[in-house]
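Everything on this sheet refers to the single structure shown next.
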């Protein structure tokens, strides 16, 4: 395996009616201190002009359109079309801190053979949206979500596509499968991703306890995979 620092990075951004926040997400990718080589926005049948927002970025962002099939299908489409040696994911309503990728590649360089890297995240409610943090949701500790993921192409290909039959949070099972395959991961213990809650996203329709339980399952599986390696 080649050193991480010499390899290209593709970021896949699925969007469905996310025009209100998409530009902020894309801006957070394009200001990374470790540059992204390719940004792919997969428009999942939006009706609010999300694709037009992405197209304003010209050659810096590639837009792929598909009929509405769900987030997992949009991520799978973007990953299939990505050319980078490393694949990053960002949801269209989330934000990266500007050193997110740089800190991840530092951690990867210190652990040769690592297949993927996560960071911690913070969660915030969009002002004026009516959104509230669900009771029991840990807002600054949980890190294994799609927007914190950075994975080597070989690892992503080995895990295979996300299950498109799962309506939400298909990434949880995907990460667990990654761990079951013995693909080693590393965690950067810094809040480098900012997850936005608003009145249109699915996070608000799930209890904090349920989300934490799902994340904890992934954490245990990944920890087991590291110990096994």
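Numbering (our numbering), first residue to last: 65 to 293.
Where a beta carbon is used, it is the ideal one built from N, C-alpha and C, also for glycine.
{"Item": "For residue 176 and residue 186, the rounded distance between their alpha carbons", "Value": "28 Å"}
{"Item": "Simplified DSSP state of residue 130, which is helix, strand or coil", "Value": "strand"}
{"Item": "DSSP state of residue 309 mapped onto helix, strand, coil", "Value": "With the chain covering only 65 through 293, there is no way to say anything about residue 309."}
{"Item": "Nearest candidate by alpha-carbon position, reference residue 132, set 78, 74, 241", "Value": "78"}
{"Item": "Counted within 10 angstroms of its Cβ, other Cβ atoms place residue 150 as buried (16 or more) or exposed", "Value": "buried"}
{"Item": "Alpha-carbon spacing of residue 217 relative to residue 112, whole angstroms", "Value": "32 Å"}
{"Item": "Exposed unless 16 or more other CB atoms sit within 10 angstroms - verdict on residue 200", "Value": "Residue placement at residue 200 is flagged as unreliable, the pLDDT there being 49, under the threshold of 50; a coordinate-derived value is accordingly withheld."}
{"Item": "Residue of 75, 116, 224 minimising C-alpha distance to residue 102", "Value": "75"}
{"Item": "Integer-rounded CB distance, given that residue 238 should sit under 8 Å from residue 223", "Value": "6 Å"}
{"Item": "Residues of its chain near residue 71, where Cβ-Cβ distance is below 6 Å and the 5 sequence neighbours each way are ignored", "Value": "149, 150"}
{"Item": "Endpoints, alpha helix (DSSP H) assigned at residue 167", "Value": "164-173"}
{"Item": "Pairwise C-alpha distance: residue 161 and residue 129", "Value": "27 Å"}
{"Item": "Three-state secondary structure assigned by DSSP to residue 290", "Value": "Unreliable positioning characterises residue 290 in this predicted model, as indicated by a pLDDT of 48, which lies under 50. A coordinate reading is not provided."}
{"Item": "Nearest neighbour of residue 83, chosen from 213, 141, 229, 116 [CA to CA]", "Value": "116"}
{"Item": "C-beta contact flag for residue 73 and residue 159 at 9 Å", "Value": "no"}
{"Item": "Integer-rounded CB distance, given that residue 100 should sit under 8 Å from residue 118", "Value": "About 14 Å; that fails the 8 Å criterion."}
{"Item": "Option nearest residue 167 by Cα separation, candidates 134, 181, 155", "Value": "181"}
{"Item": "Alpha helix (DSSP H) segment containing residue 143, residue limits", "Value": "135-145"}
{"Item": "Proximity below 9 Å, CB of residue 209 to CB of residue 139", "Value": "no"}
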